[in-house]
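Q:
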Amino acid sequence: MNLKQLIFAVSLAFLTLSNSYGQGKKSSWFKAYLVADNVWRIDDNGADNMYLVAGKDTAMLIDNGLGVANIRDFVKTLTSLPLIVIITHGHPDHAGGNYQFKEVYIHPADMKMASVYGNIPKGNDLEKMMTGGAKVPKKDIFNDTLNHQPTQLKPITDGYIFKLGDRDMEVISVPGHTYGEVVLLDKQNKILFTGDNNNDLVWLHIPGTTPLETYLASLEKLNSRIDEFNILMPGHGIPVESSFIAEQIMCVKSILNGSCKSKDYTSFAGNGKICTYKRATVAYNPDNLRE
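Take the sequence shown: its position 230, counted from the start at 1, is 457 in this note's numbering, and no numbers get skipped.
1) So which of Lys448, Gly422, Tyr442 has the shortest CA-CA distance to Pro461?
2) Going by C-alpha distance, which of His375, Gln475, Gly273, Tyr278 is nearest Trp267?
3) Straight-line CA distance for Tyr406 to Leu431?
4) Only counting the same chain, and skipping five residues up and downstream in sequence, which positions put a Cβ closer than 6 Å to that of Leu428?
5) Kindly indicate the opening and closing residues of the alpha helix (DSSP H) around Val479.
6) Less than 9 Å separating the beta-carbons of Val280 and Phe420?
7) Alpha carbon to alpha carbon, how far is Lys283 from Thr441?
8) Report the option in Asp271, Tyr332, Tyr387 whose CA atom is closest to the CA atom of Val302.
9) Count the other CB atoms within 10 Å of the CB of Arg506; is the residue buried (16 or more) or exposed (fewer)?
10) Does the Cβ-Cβ distance between His316 and His404 come in under 9 Å?
11) Use the C-beta contact count for Ile314: other C-beta atoms within 10 angstroms, 16 or more gives buried, fewer gives exposed.
12) Measure the C-alpha to C-alpha separation of Leu483 and Lys490 and round it to an integer number of angstroms.
13) DSSP three-state call for Ala296: helix, strand or coil?
14) Cβ of Asp264 within 9 Å of Cβ of Asn425?
15) For Asn457 and Arg299, what's the separation of their Cα atoms in angstroms?
16) Could you tell me how far apart the beta carbons of Ile476 and Leu446 are, in whole angstroms, since I believe they sit closer than 8 Å?
17) On the CB-based measure, 16 or more other CB atoms within 10 Å of its CB, does Ser255 come out buried or exposed?
18) State the DSSP-derived secondary structure class of Gly249, mapped to helix, strand or coil.
19) Express the C-alpha separation of Asp393 and Asn346 in angstroms, rounding to a whole number.
20) Identify the residues that DSSP records as bridge partners of Trp256: which are they?
21) Give me the Cβ distance between Ala341 and Ala322, rounded to the nearest whole Å; I'm assuming they're in contact under 8 Å.
22) Distance, Cα to Cα, Lys365 vs Phe495?
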């Protein structure tokens, strides 16, 4: 076992222990788990992961989920610090809670997509589908509708650093799953918050994704900085060590060079092909491979 694997094993053991003492507070919809020092993974009733990162002076919420429940007030049960809200991309399971916050940071390429979530929703069939039709308890519904104003979306670009006091969060642009996908690097603690860029199954078969070659370039960009982080915190699924990115690269390359034995793939969002290499799986559109 090399040093990086040892670090990950120790970190994962801590994470598992922390998860066994879940920090769910005052909500039957959300559950929060302490996964690192002042970092909580917030489970959106099984639909997605959000992350709350608390610095000395400021906290950051990475993604705000489906928006079917009151994520704003749930976060207040975990920290009283001033809050920065950033979304990794504009899909409804990551930006659906925009309307609960005055300001939300997002990459300009996904602003139009995310702008529809700035107003209080009046029913959403997609959200119902993604929650399996689960009903939100009345006490967890967002009811602060008095004098509500549409959310202001603020642009972020590659390389921007948010300073939380004792930890810096760097924005890294990784077009692929969407054109505006970003990941966040906690530089001091060597944690990468990856949205939908590094899930065990990455969707590139749906409308609004980049060509597969572009996604490969994003993966290689992260892999060139592999010494800067040990753990990936994904938007769906469980944390994984940083070496997973190399497996994703091999998966994508096998699609592009024709060596992958792909299978048909069907989802509620569209159909495509699917390829797997070790732990990495990519669903893709065979007509959208190259730039």
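Ideal placement from N, C-alpha and C gives every residue a C-beta, glycine not left out.
A: To lay it out plainly:
1) Per the Cα distances, Gly422.
2) Trp267 has its Cα closest to that of Tyr278, out of His375, Gln475, Gly273, Tyr278.
3) Each residue's Cα considered, the two are about 11 Å apart.
4) So the qualifying residues of the chain are Thr508.
5) Run containing Val479: 471 to 483, per the alpha helix (DSSP H) assignment.
6) It is a contact, given that the beta carbons lie within the stated cut-off.
7) Approximately 37 Å, taken between the alpha carbons.
8) That would be Asp271, whose Cα lies nearest to the Cα of Val302.
9) When all chains shown are included, Arg506 counts as exposed.
10) Yes, these two residues count as a Cβ contact at 9 Å.
11) Under this definition Ile314 is a buried residue.
12) Distance between the alpha carbons of Leu483 and Lys490: 15 Å.
13) Residue state, collapsed to three classes: coil.
14) No, these two residues do not count as a Cβ contact at 9 Å.
15) Going by the C-alpha atoms only, they are around 29 Å apart.
16) The beta carbons of Ile476 and Leu446 sit about 5 Å from each other, so the pair counts as a contact at 8 Å.
17) Classification for Ser255: exposed.
18) Its pLDDT being 46, under 50, Gly249 is placed unreliably by the model, and nothing is read from it.
19) The alpha-carbon separation between Asn346 and Asp393 amounts to approximately 34 Å.
20) Note: Trp256 sits in no beta bridge, so no partner.
21) Yes, they are in contact, since the Cβ atoms of Ala341 and Ala322 sit about 4 Å apart, within 8 Å.
22) Distance between Lys365 and Phe495, taken at the CA atoms: about 28 Å.
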